[in-house]
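For reference, the structure is listed below as structure tokens.
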Amino acid sequence: MSTETNGDRSLRWLKRAVAVPYFWLLLFFLAPFLIILKISVADPIVAQPPFTPFFEWGAEGIEGIRATFANFAFLFQDGYYGIIYAASLKMAAIGTLLCLLLGYPMAYYIARQPAQRRHLLLLAVILPFWISFLLRVYAWIGLLNTRGVINEFLIWTGVIDRPLAMLYNDFAVYLGIVYSYLPFMILPLYANLERMDLDLLDAAADLGARRWRAFVDITLPLSVPGIIGGCLLVFIPAVGEFTIPALLGGADTLMIGRVLWDEFFVNRDWPVASAVSVVLLLLLIAPIMWFQRLQSREHEAVR
Amino acid sequence: MRQRAPMLVSIVAFGYALLYVPIVSVVIYSFNDSRLVTLWGGFSLRWYASLLEDDKLLEAALLSLRIAVVSATFATALGAIVALALHRVARLRGRVLLSGMVTAPLVMPEIITGVSLLFLFISMANLVGWPMNRGAATITIAHITFSMAYVVVVVRSRLANMDESLEEAAMDLGGRPLAVFFDVTVPMLLPALVSGWLLAFTLSLDDLVISSFVSGPGATTLPMFIFAKVRLGVTPDINAITTIIIALVAVAVATASIVTNRRRPDAAQ
Numbered sequence: 040m041s042t043e044t045n046g047d048r049s050l051r052w053l054k055r056a057v058a059v060p061y062f063w064l065l066l067f068f069l070a071p072f073l074i075i076l077k078i079s080v081a082d083p084i085v086a087q088p089p090f091t092p093f094f095e096w097g098a099e100g101i102e103g104i105r106a107t108f109a110n111f112a113f114l115f116q117d118g119y120y121g122i123i124y125a126a127s128l129k130m131a132a133i134g135t136l137l138c139l140l141l142g143y144p145m146a147y148y149i150a151r152q153p154a155q156r157r158h159l160l161l162l163a164v165i166l167p168f169w170i171s172f173l174l175r176v177y178a179w180i181g182l183l184n185t186r187g188v189i190n191e192f193l194i195w196t197g198v199i200d201r202p203l204a205m206l207y208n209d210f211a212v213y214l215g216i217v218y219s220y221l222p223f224m225i226l227p228l229y230a231n232l233e234r235m236d237l238d239l240l241d242a243a244a245d246l247g248a249r250r251w252r253a254f255v256d257i258t259l260p261l262s263v264p265g266i267i268g269g270c271l272l273v274f275i276p277a278v279g280e281f282t283i284p285a286l287l288g289g290a291d292t293l294m295i296g297r298v299l300w301d302e303f304f305v306n307r308d309w310p311v312a313s314a315v316s317v318v319l320l321l322l323l324i325a326p327i328m329w330f331q332r333l334q335s336r337e338h339e340a341v342r
Numbered sequence: 663m664r665q666r667a668p669m670l671v672s673i674v675a676f677g678y679a680l681l682y683v684p685i686v687s688v689v690i691y692s693f694n695d696s697r698l699v700t701l702w703g704g705f706s707l708r709w710y711a712s713l714l715e716d717d718k719l720l721e722a723a724l725l726s727l728r729i730a731v732v733s734a735t736f737a738t739a740l741g742a743i744v745a746l747a748l749h750r751v752a753r754l755r756g757r758v759l760l761s762g763m764v765t766a767p768l769v770m771p772e773i774i775t776g777v778s779l780l781f782l783f784i785s786m787a788n789l790v791g792w793p794m795n796r797g798a799a800t801i802t803i804a805h806i807t808f809s810m811a812y813v814v815v816v817v818r819s820r821l822a823n824m825d826e827s828l829e830e831a832a833m834d835l836g837g838r839p840l841a842v843f844f845d846v847t848v849p850m851l852l853p854a855l856v857s858g859w860l861l862a863f864t865l866s867l868d869d870l871v872i873s874s875f876v877s878g879p880g881a882t883t884l885p886m887f888i889f890a891k892v893r894l895g896v897t898p899d900i901n902a903i904t905t906i907i908i909a910l911v912a913v914a915v916a917t918a919s920i921v922t923n924r925r926r927p928d929a930a931q
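One line per chain: the protein sequences are A and B, in this order.
All residue numbers for the first sequence refer to our numbering, where the first residue is 40 and numbers rise by one.
All residue numbers for the second sequence refer to our numbering, where the first residue is 663 and numbers rise by one.
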């Protein structure tokens, strides 16, 4: 059984090598989360860093733990943050829904094309993803401006005679979310729809089902995993989105990512900023776990 | 049973227009002579010329490129090891934690990653005296951490449909594990490693939020520079930068697809 021992030998070095990325992730991914938990219960002080230490070091080692939930109490008493969290969740949810409404027909269409065209159409969906996200969001400023391309075009064709206010409001943010996250919606949907057994639809058609009926009764229920996957992939990052509301949103577009940024760089209230991010993380933990479970199930299916 | 569905086709056409109209309009307007962004003032390359004179911009671009090359290389190496370990070592200690830690960054809002890494660096500076100054090094560490996750996804999907018999044969012929790894496994994984590297490179070059948090005074990456400018509205020289980046991406994607297709004639992606 020489293959066994050879295989074991090769696995042995892999087991040893994996310690490096393992340690890396523990240090640079897991530890930071424990630290924001810690800082979110610290008092703000005027110093560098601007928060109190967690442990009091005495002669006997750690003498006490300083923790305050004042930062969280502040978040909940001050209705401002509650409104912002709700607004972020609402904007992300509507953005995700719009993304689904556009992404589903696209994924459905692509999945039903002959192989050659399918790859080309799919490539065209992925391609913009390679171009800077910041610059693609920026591109919309030039399009949506009151003196932007779209307004000038609509005035020129006579559809409107006064420019529409399309930039620096919630509309622009929704558009930005749909535009930026569309590929993330289409890819899982496509992967699901492409695998689907077309014989089922044929059978439905043979039995006299209308296309629409066949779609609602068969295709749609079968594509639910793809819908959930795509929606999570859009919704989770959209809740904490910073760039889109910062560039396209108006002064009254309150999203938590932007507020957190200001709390950090403008107000420099780090414990509150840290409490804000802890609450954001708690809000997102359920969808993130859900996504993780979907992912690992997918891997099980492949293996 | 295929029927025409004009409704469906027009939605799809709208979707593709949405994806490409902004990019095309930026490219067109980057050649516009007029300072007023929407007024066409004739063809001109003046915004490209003005880029060359902008020292701050060139400095930022150079810093971003350096960070992107280093972080993509490390992320690819570390990500490939994680993917191999998750795929091959059946009884890996701490498997659930490891696979959790590499998939979480895919969906983690960047703003949280940025804040938490900044706090880590501050705590480290207090405890071990490093990093005293945040800048290129801390940005590179942050980029390696999040782009590793994407490399793992790419390499894992390649491993899932890779034939392992070649490696087994090499082992049977008495190849030492490391030799087999570099002579057989790495060449077979090469397309995935190349696309993983390119993905990590692009993500690093593109990152605004995480870099802003973990950077210090003096280290301004290209996205940070661009963001500071576009926050005030459209500026024609940013159109020129965008066009250059689009051209670079087009070349990179073309190269990558040629490499991948030569290796995998029946490639699905």
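Yeah, the Cβ is synthetic: ideal placement off N, Cα and C, and Gly gets one too.
Nearest candidate by alpha-carbon position, reference residue i, set the options
i: G296/A; options: G289/A, N306/A, I283/A and D308/A; result: I283/A
i: I123/A; options: V298/A, Q155/A and L232/A; result: V298/A
i: A667/B; options: R336/A, R250/A, L73/A and L221/A; result: R250/A
i: G776/B; options: V317/A, F172/A, G289/A and T292/A; result: V317/A
i: V255/A; options: G269/A, L246/A, G265/A and L240/A; result: L240/A
i: I266/A; options: L237/A, F330/A and I199/A; result: F330/A
i: E826/B; options: D869/B, R750/B and T883/B; result: R750/B
i: L73/A; options: Y682/B, L779/B, I729/B and V688/B; result: L779/B
i: A312/A; options: R796/B, I773/B and D834/B; result: I773/B
i: Y61/A; options: N901/B, L746/B and T735/B; result: L746/B
i: A722/B; options: F889/B, R818/B and G677/B; result: F889/B
i: M328/A; options: I275/A, W309/A and L193/A; result: I275/A
i: L670/B; options: A58/A, M145/A and Y177/A; result: M145/A
i: W179/A; options: M770/B, A679/B, S785/B and L851/B; result: A679/B
i: Y177/A; options: N110/A, W300/A and A285/A; result: A285/A
i: V683/B; options: I189/A, M235/A and E233/A; result: I189/A
i: M770/B; options: A230/A, L322/A and E337/A; result: L322/A
i: R755/B; options: M235/A, L293/A, F303/A and K54/A; result: K54/A
Beta-carbon spacing of residue i, residue j below 7 Å
i: L221/A; j: L206/A; result: no
i: L319/A; j: G279/A; result: yes
i: A737/B; j: V813/B; result: yes
i: V689/B; j: T905/B; result: yes
i: I729/B; j: T802/B; result: yes
i: L160/A; j: I149/A; result: yes
i: L261/A; j: F223/A; result: no
i: S696/B; j: N901/B; result: no
i: S79/A; j: A314/A; result: yes
i: G134/A; j: Y218/A; result: no
i: A277/A; j: A131/A; result: yes
i: A804/B; j: I872/B; result: yes
i: G269/A; j: P310/A; result: no
i: I225/A; j: V164/A; result: yes
i: P167/A; j: L681/B; result: yes
i: L64/A; j: M763/B; result: yes
i: P793/B; j: F783/B; result: yes
Pairwise C-alpha distance: residue j and residue i
i: G918/B; j: I806/B; result: First, the amino acid is wrong: residue 918/B is Ala here, not Gly. Cα to Cα, the separation comes out at about 21 Å.
i: L867/B; j: L140/A; result: 31 Å
i: L713/B; j: S127/A; result: 37 Å
i: L137/A; j: Y147/A; result: 16 Å
i: F781/B; j: D717/B; result: 32 Å
i: R332/A; j: G118/A; result: 34 Å
i: M810/B; j: V732/B; result: 12 Å
i: F210/A; j: V686/B; result: 22 Å
i: V842/B; j: V816/B; result: 22 Å
i: A56/A; j: S726/B; result: 29 Å
i: V85/A; j: F67/A; result: Residue placement at V85/A cannot be trusted, given a pLDDT of 47 that sits under 50; what the coordinates show is reported in the next sentence. Roughly 27 Å between the two C-alpha positions.
i: A742/B; j: L840/B; result: 15 Å
i: I104/A; j: A125/A; result: Low confidence applies to I104/A: its pLDDT is 45, below 50, so where it sits in the model is not reliable enough to give any reading.
Unbroken alpha helix (DSSP H) run spanning residue i, endpoints
i: I199/A; result: First-last for I199/A: undefined, no H or E at that position.
i: R893/B; result: Where R893/B is concerned, there is no enclosing alpha helix (DSSP H), given that its DSSP letter is neither H nor E.
i: V255/A; result: V255/A -> no alpha helix (DSSP H), and no H or E assigned at all.
i: V846/B; result: Unbroken run through V846/B: none, as it is neither H nor E.
i: A667/B; result: It is not in any alpha helix (DSSP H) - A667/B carries neither H nor E in the DSSP assignment.
i: A826/B; result: The displayed chain sequence assigns Glu, not Ala, to residue 826/B. Careful: E826/B lies outside any alpha helix (DSSP H) and carries neither H nor E.
i: T292/A; result: Premise fails: T292/A is in no alpha helix (DSSP H) and is neither H nor E.
i: A131/A; result: G118 to A150
i: I24/A; result: Given that chain A is displayed from residue 40 to residue 342, the structure contains no residue 24/A and the question cannot be resolved.
i: V273/A; result: V263 to V278
Practice prompt. Please confirm if the stretch 709-717 of chain B is in contact with the stretch 868-881 of chain B, defined as three or more CB-CB distances below 8 Å between the two stretches.
Written response: no
Worksheet entry | Inter-stretch contact at 8 Å, needing at least 3 Cβ pairs: the stretch 847-866 of chain B / the stretch 891-901 of chain B | no
Worksheet item: Would the stretch 839-847 of chain B and the stretch 862-871 of chain B be scored as touching if the rule is three or more Cβ pairs under 8 Å?
Response: no
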